[in-house]
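Going by the UniProt record's numbering, the letters in the sequence shown line up with residues 1 to 304, in that order.
In what follows, a single structure is set out as structure tokens and then discussed.
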Amino acid sequence: MRAIAPRETAELNSGDRRCLLPLTVADLADLYGANPQARLLAGGTDLALEVTQFHRELPVMIYVGHIREMKRIEVGANCLEIGAATPLTDCYQALAADYPDFGELLQRFASLQIRNQGTLGGNIGNASPIGDAPPLLIALGAKIVLRRGERRRELPLEEYFLDYKVTAREEGEFIEKILVPRARPSQAFKAYKVSKRIDDDISAVCAAISLDLEDGRIARARVAFGGMAAIPKHAAACEAALQGARLEAASFERAAAALANDFTPLSDFRASKEYRLLTAQNLLRKCFLELHAPAVETRVTAYV
């Protein structure tokens, strides 16, 4: 493979179709700036569906899979820096070491073949309301580094998603890396994926709950959901109900009730709006049970 690997930025042409293959982030920034209408291709696990299912033309693509800088994971004292083109399989070890629930959810992310090919940046970039990684990253307070030309800017992930498939990314701008805070000693992180099948299925509801616990109280709360709105979204009213509250069932009941102020979910073929809201509320209750009585097994995955 090394013998046939490209040694310089290249271009493939077929008729009126072009595919550009940069080798460095700087090359990508230049090419994307000159071709802002191009589609970025990493693993292709989502983009390919536009061709096979919707028969769309992709006249210009830029393949980022040869850019080593965007496939690195750097473990720092305060954060994990994950290149946007890093395959999900390669993200597992670093994320699971700090956040076991993140690792467990990644094991249920599509299939092994898709995890080997699909990337963390792609799961964010396609802006699906039911992507598995964004709710977890939002709850953890992750940021993304966006680049256009020589300019870089950091953006909290929850500010990236504006509306259904609409993001804060500017023309010619791309996700270069994801910054995930390291786990804190006081932090409890729980993540849940509800789908019809355990494996290789799309979420009806995905929940992520990050709590800093001090002296029996919740000092800090971040809660995010997928499948509950047009975008992956943090639950502000739910967080406010938990902030400063005692770690007890009544606190989580108040937080569950507050979810009705955060979300007005829709019904579709995966779940009704009533099911989604009740499931989200029950996942909060499940979180409390796991924190209050960790010896009680609550997950089906423990038995399969």
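Just so it is clear, CB atoms sit at the ideal spot from N, CA and C, and this is done for glycine as well.
Under the 10 Å beta carbon count, isoleucine 218 is surrounded by 16 or more other beta carbons and is classified as buried. Closest by C-alpha distance to glutamine 117, out of Val64, Val194 and Glu74, is Val64. Rounded to whole angstroms, leucine 211 and isoleucine 198 show a C-alpha spacing of 26 Å. Per the C-alpha coordinates, the member of Lys165, Ile202 and Glu171 positioned closest to alanine 110 is Ile202. The three-state reading of DSSP puts glycine 122 in helix, counting H, G and I together. In this structure, methionine 70 places its C-beta atom within 8 Å of the C-beta atom of glutamate 176.
In terms of Cβ geometry, threonine 298 and leucine 289 form a close pair [threshold 8 Å].
For alanine 10, the number of other beta carbons within 10 angstroms of its own is below 16, and it is reported as exposed.
In the structure shown, proline 134 falls within a helical segment according to DSSP collapsed to helix, strand and coil.
Around aspartate 101, the same chain offers Phe189, Lys190 and Ala191 as residues with beta carbons nearer than 7 Å, after the five sequence neighbours per side are excluded. Around the Cβ of alanine 250, a 10 Å sphere holds fewer than 16 other Cβ atoms; the residue is exposed.
Between valine 166 and the set Lys196, Lys143, Pro135 and Asn126, the nearest pair of CA atoms involves Asn126. The Cβ neighbour count for tyrosine 32, taken over all protein chains shown within 10 Å, is at least 16; the residue is labelled buried. For glutamate 81, the enclosing beta strand (DSSP E) has its first and last residue at 79-83. For the set Leu291, Ala34, Glu57 and Ile124, the Cα lying nearest the Cα of arginine 246 is the one of Leu291. Distance from the CA of isoleucine 231 to the CA of valine 296, rounded to the nearest whole angstrom, comes to 33 Å. Take the alpha-carbon of leucine 120 and the one of isoleucine 144: they are about 11 Å apart. Residue pairing by DSSP leaves glutamate 297 without any beta bridge partner.
Annotation for leucine 28: the continuous alpha helix (DSSP H) segment containing it runs 25-34. Within the same chain, and ignoring the five residues on either side of aspartate 16 in sequence, the residues whose Cβ sits closer than 7 Å to its Cβ are Pro59. Short of 6 Å from the beta carbon of alanine 237, and not among the five residues preceding or following it, lie these beta carbons of its own chain, in chain order: Ala258, Asn261 and Asp262.
Between the alpha carbons of leucine 157 and glycine 226 lies a distance of about 13 Å. In the three-state scheme derived from DSSP, where H, G and I count as helix and E and B as strand, isoleucine 198 is classed as coil. Its Cα nearest to that of leucine 106, the residue Pro134 stands out among Pro134, Ile178, Cys79 and Ala29.
Valine 223 places its beta carbon 8 Å or farther from that of cysteine 79.
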